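Q: Each position in the sequence shown, counted from 1, maps to that position plus 134 in this note's numbering. This is the structure I want to talk about, given as structure tokens.
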Amino acid sequence: MDFPILEMNLGAIEHNARTMRQLLGSMGIKITGVAKGTLANPNVVKAMILGGIDSLGDSRLDNLAAIRACGFKGERVLLRSPSPSVIPKVIELSHVSLNSSPKTVELLGKAATAAGIIHKVILMVDLGDRREGVLPEDAVRVGKAMSSVKGIILHGVGTNLACLGGVIPTEKKMLELLDIKQSLEKELRYPIDVVSGGNSANIGMAMEGEMPKGVNNLRIGEGILLGTEAVKREPISGCSQDTFKVAAEVVEVSVKPSMPSGDIGQNAFGVVPKAVDRGPRRRAICAIGRQDADPEGLTPLDDGIEVVGASSDHLILDIEDKGDRISVGSVLWFRPNYSSLLQASTSPFVQKVVKR
Ligand SMILES: *Cc1c(COP(=O)(O)O)cnc(C)c1O
Numbered sequence: 135m136d137f138p139i140l141e142m143n144l145g146a147i148e149h150n151a152r153t154m155r156q157l158l159g160s161m162g163i164k165i166t167g168v169a170k171g172t173l174a175n176p177n178v179v180k181a182m183i184l185g186g187i188d189s190l191g192d193s194r195l196d197n198l199a200a201i202r203a204c205g206f207k208g209e210r211v212l213l214r215s216p217s218p219s220v221i222p223k224v225i226e227l228s229h230v231s232l233n234s235s236p237k238t239v240e241l242l243g244k245a246a247t248a249a250g251i252i253h254k255v256i257l258m259v260d261l262g263d264r265r266e267g268v269l270p271e272d273a274v275r276v277g278k279a280m281s282s283v284k285g286i287i288l289h290g291v292g293t294n295l296a297c298l299g300g301v302i303p304t305e306k307k308m309l310e311l312l313d314i315k316q317s318l319e320k321e322l323r324y325p326i327d328v329v330s331g332g333n334s335a336n337i338g339m340a341m342e343g344e345m346p347k348g349v350n351n352l353r354i355g356e357g358i359l360l361g362t363e364a365v366k367r368e369p370i371s372g373c374s375q376d377t378f379k380v381a382a383e384v385v386e387v388s389v390k391p392s393m394p395s396g397d398i399g400q401n402a403f404g405v406v407p408k409a410v411d412r413g414p415r416r417r418a419i420c421a422i423g424r425q426d427a428d429p430e431g432l433t434p435l436d437d438g439i440e441v442v443g444a445s446s447d448h449l450i451l452d453i454e455d456k457g458d459r460i461s462v463g464s465v466l467w468f469r470p471n472y473s474s475l476l477q478a479s480t481s482p483f484v485q486k487v488v489k490r
């Protein structure tokens, strides 16, 4: 077996998909499943489908193509604002896209009309996170303009929080979005189907019973993939956190001083490291690095192992407490966080295996 490995527990992912669907479904919230943290791995996509997910979203067109290639017959949603240079592909690969630029929606409308179809648009509103979306005061005007484009139907309003600015989704933010939806409906004189309140950062508030009625969609990746919500990274009750594991092989074990020796400048990544002097410690080096998985996001599954640091190809561990139980050739296991999962999934150096 070639290491490093990303091991996928498909049963646990399917279980999480089903659990999240039931949990949010009981609140009138439909899930758009998001597998981009795994590069839309076909096994993971199929596990989500088996778990009852019937709408799948992704930020990348290649991933939407992979989802289609899985034989998925449900709704495909493009999560990132479409790039103007690839509009015909957007129309071909997605039924719905999230948009904030009227110019882009004009282009989508032309391409949809040429293809003889209607493309659904969700108008994104920036409720404070300062990533994508029109400002609330512009939403009705822009939404009205988008809805008048031939080939386009204004299918919903949406927002995305907790991504750039770290703004926490609250009942107040959701009510703001519902207000915008109502003003738009008044202006348009037809009902807007979807209010898409956010991502896995909304799970906590929904579970606390703070999701106002009317928010009827969430786009969920992390909740299904890792079984955690995305504000405090707390486990979701009933969900499994045993979904993905990363394994790497030990290539050096030695007792070394914990302090570097010599004049200290920048390391390979432009950081001047500050070591803590703990005296000589037993250390292991694993053959996994920043090219494979974000080392800050790897938690050793064995008690008594601490991550000291990492460079492109090496992960340095303190294994003092493990005595001589770890040697060259040992395989160590880690739990990846979202960022580490994303990187392991997109790295060509990491083997993807299914847990049997
Ligand atoms: C990635 C993404 C999501 C899913 O985020 P999670 O935190 O993994 O649930 C939702 N919405 C948009 C716009 C995204 O890009």
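For every residue, glycine included, the Cβ atom is placed at its ideal position computed from N, Cα and C. In this text, all values refer to a predicted model and were calculated from it rather than measured experimentally.
Checking 9 Å against the spacing of the C-beta atoms, do I358 and G185 come in under that value?
A: Yes, the Cβ-Cβ distance between I358 and G185 is below 9 Å.
Q: Between which two residues does the alpha helix (DSSP H) holding D260 run?
A: From DSSP, D260 is part of no alpha helix (DSSP H); its letter is neither H nor E.
Q: Measuring straight from C-alpha to C-alpha, what distance separates T247 and R275?
A: 23 Å
Q: Would you call the CB atoms of V224 and A279 closer than 9 Å?
A: no
Q: Could you confirm whether any beta carbon from chain C is found closer than 9 Å to the beta carbon of V224?
A: In summary, chain C is missing from the structure at hand, where a single protein chain is found.
Q: Given 8 Å as the limit, is there contact between the segment 378–391 and the segment 348–356, that is, 3 or more CB pairs closer than that?
A: no
Q: Curious, which full-length alpha helix (DSSP H) runs of at least 4 residues does the segment 337–389 contain?
A: 337–341 and 356–359
Q: Provide the residue span of the alpha helix (DSSP H) that contains A418, from first to last.
A: Here A418 belongs to no alpha helix (DSSP H); instead the beta strand (DSSP E) covers P414 to C420.
Q: Assign R459 to buried or exposed, taking buried as 16 or more other Cβ atoms, counted over all protein chains shown, within 10 Å of its Cβ.
A: Result: exposed.
Q: How far does the alpha helix (DSSP H) with K306 in it reach, from first residue to last?
A: Start and end: E305 to L322.
Q: Figure out for me which residue from L476, S464 and E368 has the closest Cα to the Cα of P491.
A: Because the chain is modelled from 135 through 490, residue 491 falls outside the range shown and cannot be assessed.
Q: Ligand 1 and V178: does any heavy atom of the ligand fall closer than 8 Å to the residue's C-beta?
A: no
Q: Any idea what DSSP makes of I201, helix, strand or coil?
A: Reduced to three states, the DSSP call for I201 is helix.
Q: When you compare the segment 447–455 with the segment 358–372, are there three or more beta-carbon pairs, one atom per stretch, that lie closer than 8 Å?
A: no
Q: If you measure from the CB of R214, is any heavy atom of ligand 1 nearer than 8 Å?
A: Yes; taking the cut-off as 8 Å, the Cβ of R214 has a heavy atom of ligand 1 nearer than that.
Q: For A444, which of helix, strand or coil comes out of DSSP?
A: Reduced to three states, the DSSP call for A444 is strand.
Q: Thinking C-alpha only, which one of K408, G348 and H289 is nearest E209?
A: H289
Q: Can you give the Cα-Cα distance for E386 and V442, rounded to whole angstroms?
A: In this structure, the alpha-carbon of E386 lies about 14 Å from that of V442.
Q: Between L198 and ligand 1, is there a pair consisting of the residue's CB and a ligand heavy atom that are separated by less than 8 Å?
A: Every heavy atom of ligand 1 is 8 Å or more from the Cβ of L198, so no.
Q: F483 to I422, Cα distance in whole Å?
A: Between F483 and I422, the C-alpha separation is close to 9 Å.
Q: Looking at the secondary structure, which residues open and close the alpha helix (DSSP H) in which T170 lies?
A: Just to set this straight, residue 170 is Lys in the shown sequence, not Thr. Premise fails: K170 is in no alpha helix (DSSP H) and is neither H nor E.
Q: So V465 is in the beta strand (DSSP E); what residue range does that whole segment cover?
A: Note, V465: beta strand (DSSP E), V465 to P470.
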